[in-house]
Every structure is written in structure tokens, then in C-alpha cells.
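**Q** For reference, the structure I am asking about is given below.
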Amino acid sequence: MTAISNPLKRRPKYAAAVSTMRPHWTVYAVLAVFLIASVFPFYWSFLIASGDRFTINDPNLSWWPGGNFLENAATVINNPAVNFWKALWNSIVVSTVSGISTVVLSTLAGYAFAKLRFKGSGPLLVGVIATMAVPVQLGIVPLYILMQKFGWTGSIGAVILPVLVTAFGVFWMTQYISQALPTELIEAARVDGCSMIRTFWHVGLPAARPAAAMLFLFTFVTQWNNFMWPYIVLDPQNPTLPVSLSILQANYFVDYSLVLAGVLLATVPLMLLFMFAGRQLVSGIMAGAVKG
Amino acid sequence: MTITQPPGVDTPASEPRKPAPPTFRQRLGRLDVKLSPYLYIAPFWIVFALVGLFPIIYTAVIAFQDWDLVRNTGEFTGWDNFAFVLQDREFWFSLRNTFSIFLLSSVPQVIVATVIAAMLDKNIRSKTFWRMGVLLPYVVAPVAVALIFSNMFGDRYGLVNSVLGDFGIDPIAWHVDIIPSHIAIATMVNFRWTGYNALILLAAMQAIPRDLYEAAAIDGAGTWRRFFSVTLPQIRPTMIFVIITSTIGGLQIFDEPRMYDTNGQGGSNHQWETITLYLYKTGWGEFNFGRAAAVAWLLFIIIVAIGLLNFAVTQRLIATDTMAKKSKNLKKVTK
């Protein structure tokens, strides 16, 4: 018992074992089953996509992929209705622009809310949090009318504008900066004669970098996968990848080897991103959970 | 003052023994301090006013109008749109489907996510590998997930039916029957979000002080007892967060039912039509914007109502839980 009241002394063996013991093999078994369930649908898609139009109906489906994947992928890419390259480019532009803009504008606003004193900052922050709870669909009809008035329907500007900055981003950066950036640093910069914007640039921004990177990743992934609004506002001639997938399904509904080849093609870029940045994504989700 | 004053700046010379009037730079500095915060938060509010606030207010206006798409104006019609929607059987079908899919996705999801989080919370090898592994489905677009799963759940030759056939179970009409179609769509949602929620719950579990487990172990609590008596009560706030966010997301489900078959109309008999899909069909299928706006408001009211209900229920759960604990302690004391 003394060991517990005094953590410096050695703890009893059994109690210490609770948190340092290697787990039973069943733990790995459960995790492995879950992991296989997470990966299997993609492998199965690859099996179908590497076959031909009859593969999906084959009752004795081989667990080894066929050799037609590249051919099927080429068919999808070269189909003029799918507009694959344009969709890929649009998706890259939408995700990157909204990612950068969300990070910059959210960091600015988050810095102001977290560290600067100004009249009405409290109610304004509450306003930001309140806007997070409002579902997107609530304003979708007038948003469409607005884009028609601008003459933007069919262009990716209509997709980017609503997500230039999000309430979630502002809230996220406010939370992070308020605890990660010591106010003394800002005061020091001010005493040394930095203007407000230089203080932000040289003190606020560097401190916010880790959270900014995560916010960029989240915004990127969310916008890459966003479907409903682009589907409504864009033309089939100028789609993003999810929109072009819906066209693909409508075009090839008899040949699922082509549909699933297109699905895998559209998924590859994010898989690559995940390989490089998955670790950051994981820690971002976990950090957000503790604070939120 | 005059020494620090930079050359070339034209300011009135300060007289001795009088409070010096602020120099141009000082005034600029003060303006900088006062205005900067507003300038920094302005971009967010401008964007929000344009694409958030204005559309929300305008939705309320349009919902009471018969909107003319060609002239882009409306005619006031009172509660007609709401009355029509509330008398439309399709609306009630989609309400039923939305709730059914939501329950089928959120309940198993939270349970499985908690189990996976508990496994990840153990002192396992290669933690990062497993954590990344469970998150993988999250980065895949719902549209892609929907296309994959709608084929796995194919009615005639689908993988699921052929596996079921191996066990001697008759093929299920996933794209015809109501509940099977809801299960298939809920599976897509679960596939994408379970790992994500598991990581959120894992973060909450890691914040639990390890001493609690050690104390419980010394008191003789086994693995299961520790999980139910230490882990679960400690992660309850995070669990509420997960449940509420999945409610808000689940009631707005669109991508999966839209892509579940090639028509995207929610089934020949509205078997898997959801409210958001109904909103889309009203707005961009029939091009009746007034009615679509009314649907949007109804959806919003439903989400708020469910959110409040959620909140009340979870609050009560916490309250009864602490009451139970207190009465237990009382018993211990009286013994």
C-alpha cells in the first residue's frame, strides 16, 4: 500500500503489471479481424476490377486477381463521359485551395479569439460554436439560388466558396492556440515593437503549425470526399471525382469491373496521402477528442 | 520622446510639462491594436454571412413561397409547402428509413468502436500500425464505399448472398426489401466511421489515470470488471460526444442511399429513401425549391429535437448512475 501512496518506490508487481503487461493474443486476433474487415472490401473490388464484366457473377470467384486491371482502368480514363483527368484536377484544386484557405483564415481568427482582447469576443466565439451545429442542408436551396445569381453553377468556384473557412476550423485553432501559445511571447514581441500582424506572423503562426497541419489534412480529406453539394452544383462535364464516380455508375451499370476499376482509381490518391500523413491524421483525431 | 521619434515622421513637437499628444505612430499603433482582432475574424464572418447565415434566413423565406425557377422569384403561399410535405407519404417513408438506418448504424458502431478502442488501449506492439489500420476506411469517399458495398450486397450474385448460401441461407433481396436495404446502407456507414470513432474513444481511454486501474486491480477487479467499472464511466462524456455527432451526421445521410442503386431514387417503393434524398429529389428532381426549403426546415427541427432528446437521456443516465453509486456507498457505510 505504501507503494501506491509513494510513486517513487517500487510498486507491487501485480498492480504494475496491469498497464505494462503485453496483452493476450486474443487482443491481436480481434484487431486483426477488424483490420481485415477494413481492407477486404478494397481487395474484393480489386478482384472484380481486374477481371471482366462476368467476374462479378462468377460463383467460383478466384481469390487471386485477374490481369485486366490496367486495361479496365484505361477504359475508364479514356471514356469522355467520365472526364477522369478533369475530375482529378478539380478534386485536387478544390481540396488544396479549401485546405489552405481554411488553415490561414482559421488560424487568423483562432489567434484573435485565443490571445487578443477585444470587445464582443466572447459572444462572437459562441456564435462560431453555434454555427457548427447548423446542418449544411438547411441552407442548400438558397445557396444554389445564390450561385445561379453569381453565374457560378457548373464551376468549381461554387464548390470552393462555401468551404473557404469553417466554424470547425476556427474553433479548432482557438482551442489549440489558447493552450499552446504563451501570452508572454506575444507581449515580448509587442514590447520589441512588432506590429500586430508581424506578431501574428512571427509568433502566432509558428506556434500554431502542428494544429494547422492537421486542420489542412482534415479539410483536404473532407473536401476530396464531399459529394452532395458538388453533385448539385456542378455539371457532368466539369465534375469532381465523387461526381464523376456517380456518372461512371450510370454509364457502366452492366460492367462492374469498370465501375470498380474507377472506384479504385479515385481512391488511390487518398491512399497515397494516407500512407504519408496517416500518422498525423490519427494523432489529430485523438488530440481533437481530448479537447472537444 | 523626441529621441525615439524616427526622423522623417511629421508630428507636432511636444512641449515640456504638458502631456504629449500622441504621435502619428502611436495613434497608428493604437488603431492597430483595436482594429486587428476584428480584421482577423472578419474573413470567417464574411464567408459565414454569405454562405451560412443568408441561406439559412432565406430558406425560411422560400419555404413559404411558391418559387419560380425561371424568374427567380417567389409568391407567398403561407404554410402550403409544409402542409404538402407533411401529407406526402414519401416524406414519412423517408423519415422512417432515416431513423431505421440511423439506429442500425449508430448502435452497433458505438459498441464495436468501444471494443476496438479498448483493444487499442492495451499495451500492444506496433501501436501506430493498428491505429492507422482502423482509420483507413475513413479516407475513402462515401461514394466509393457505397459503390463497393452495393455490389457486395448484390441481390443475385453478390458476395454476401453467396457466402450466406454456403451456410445454407436463402439469398436475401438486399435491393428490394426494406430492412435488408437498411442493413446494407448502415454497413457502409459503419465501415467508414467505426475506426474513426474508435480512435476518439481511445483518446478518452488514454486520458484515464492508470492508477485507477491499478487500484482496481489491487481491490481484486478482473479485466472485465475493470472495463465496466473504470473504463466505461470514465469515457462517458466522450461517448456522448460520439453519439451526438453521429446523430447529426446520421440524420443527414445522402451519399450512400443515392449511390445504392443506379437510379438513385431511394428504391422503387422508397425502401431506402432518406430525408436528405427526399430533399434532393424535391429540389433538383421536381425543381420545387419552396417545398425543398420546407423539407430542409423540417429536417433541421428533427435534428434539433433528437439532439435535445439525446442530451436529456444521456444527462439522466449520468444522474441515475451517480445516484446508484451514492446509494451503493450508503449501503457500504451502513454495513
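If you're matching them up, the sequences are chains A and B in order.
Take the first sequence: its letters are residues 510 to 801, numbered as in the numbering used here.
Take the second sequence: its letters are residues 99 to 433, numbered as in the numbering used here.
The C-beta atom is built at its ideal place from N, Cα and C for all residues, glycine as well.
1. In the DSSP assignment, what are the bridge partners of B:E173?
2. Just to confirm before moving on: does the CB-CB distance between A:T616 and A:A721 stay below 8 Å?
3. Can you check whether the CB of B:V237 is closer than 8 Å to the CB of B:L299?
4. Going along the chain, which unbroken runs of the alpha helix (DSSP H) with 4 or more residues stay wholly within the region 225-249 of chain B?
5. Where are the alpha helix (DSSP H) runs, 4 residues long or more, that stay fully inside the region 737-798 of chain A, in chain order?
6. Answer with yes or no whether the minimum CB distance from A:G576 to chain B is below 8 Å.
7. Straight-line CA distance for A:L634 to A:F622?
8. Using the C-alpha atoms, what's the distance from B:L234 back to A:F783?
9. Inspect the beta-carbon positions of A:V791 and A:V742 and report whether they are closer than 8 Å.
10. Give me the chain E residues within the contact set of A:W733, using Cβ-Cβ distance strictly less than 9 Å, ordered along the chain.
11. Taking contact to mean 3 or more Cβ pairs, one atom from each stretch, closer than 8 Å, check whether the region 250-264 of chain B and the region 553-567 of chain A are in contact.
12. If you draw a straight line from the C-alpha of A:T731 to the C-alpha of A:T675, how long is it?
13. Looking at the C-beta of B:R125, does it have a partner C-beta in chain A at a distance below 8 Å?
14. Helix, strand or coil for A:G575? Go by DSSP, reduced to three states.
15. Rounded to a whole number of angstroms, what is the C-alpha to C-alpha distance between B:D219 and B:R194?
16. Using the beta-carbon of each residue, which ones in chain A are nearer than 8 Å to B:N408?
17. Is the shortest distance between the beta-carbon of A:T605 and the beta-carbons of chain B less than 8 Å?
18. By the criterion of Cβ-Cβ separation under 7 Å, what are the contact partners of B:Y136 in chain A?
19. Measure the C-alpha to C-alpha separation of B:Y156 and A:V539 and round it to an integer number of angstroms.
20. Are the CB atoms of B:V205 and A:L754 within a distance shorter than 8 Å?
21. Run the CB neighbour count on B:Y376, radius 10 Å, all protein chains shown included, and call it buried at 16 or more, exposed below.
22. To the nearest angstrom, report how far apart A:Y653 and B:I160 are at their CA atoms.
23. Over what stretch of residues does the alpha helix (DSSP H) that includes B:H280 continue unbroken?
24. What's the C-alpha gap between B:G365 and B:D130?
25. Please give me, in chain order, every unbroken run of the beta strand (DSSP E) with length at least 3 that falls completely inside the region 626-659 of chain A.
26. Please compile the residues from chain A whose C-beta is within a distance smaller than 9 Å of the C-beta of B:V149.
27. Beta-carbon within less than 6 Å of A:A796's beta-carbon, same chain only, minus the 5 sequence neighbours each way: which residues are those?
28. Is the CB of B:A391 under 8 Å away from at least one CB in chain A?
29. Since A:I695 contacts A:K624 with CB under 8 Å, what's their CB separation in whole angstroms?
30. Should B:D359 be labelled buried (16 or more other beta-carbon atoms within 10 Å of its own) or exposed?
31. Along chain A, in chain order, which residues have C-beta atoms closer than 8 Å to that of B:P153?
32. Return the first residue and the last residue of the alpha helix (DSSP H) that A:K624 is part of.
33. From what residue to what residue does the alpha helix (DSSP H) around A:C551 run?
34. At the level of alpha carbons, what is the spacing between A:A759 and B:N361?
35. Give the straight-line distance between the Cα atoms of A:I638 and B:A301, rounded to the nearest whole angstrom.
36. Label B:A296 either buried or exposed according to how many other C-beta atoms from any shown protein chain fall within 10 Å of its C-beta, with 16 as the threshold for buried.
**A** Looking at the coordinates:
1. B:D164
2. yes
3. no
4. 225-233
5. 737-742, 750-760
6. no
7. 7 Å
8. 8 Å
9. no
10. This model lacks chain E altogether; the protein chains it does include are A and B.
11. yes
12. 12 Å
13. no
14. coil
15. 37 Å
16. Ordered by position in chain A, no residue passes the 8 Å Cβ test against B:N408, which lies about 12 Å from the chain.
17. no
18. F627
19. 50 Å
20. no
21. buried
22. 12 Å
23. 276-304
24. 60 Å
25. none
26. G648, L652, L655, L670, P671, V672, L673
27. none
28. yes
29. 6 Å
30. buried
31. L647, G648, I649, V650, P651, L652, L655
32. 593-624
33. A quick correction: the sequence has Phe, not Cys, at residue 551 of chain A. Unbroken alpha helix (DSSP H) run through A:F551: 534-558.
34. 8 Å
35. 22 Å
36. buried
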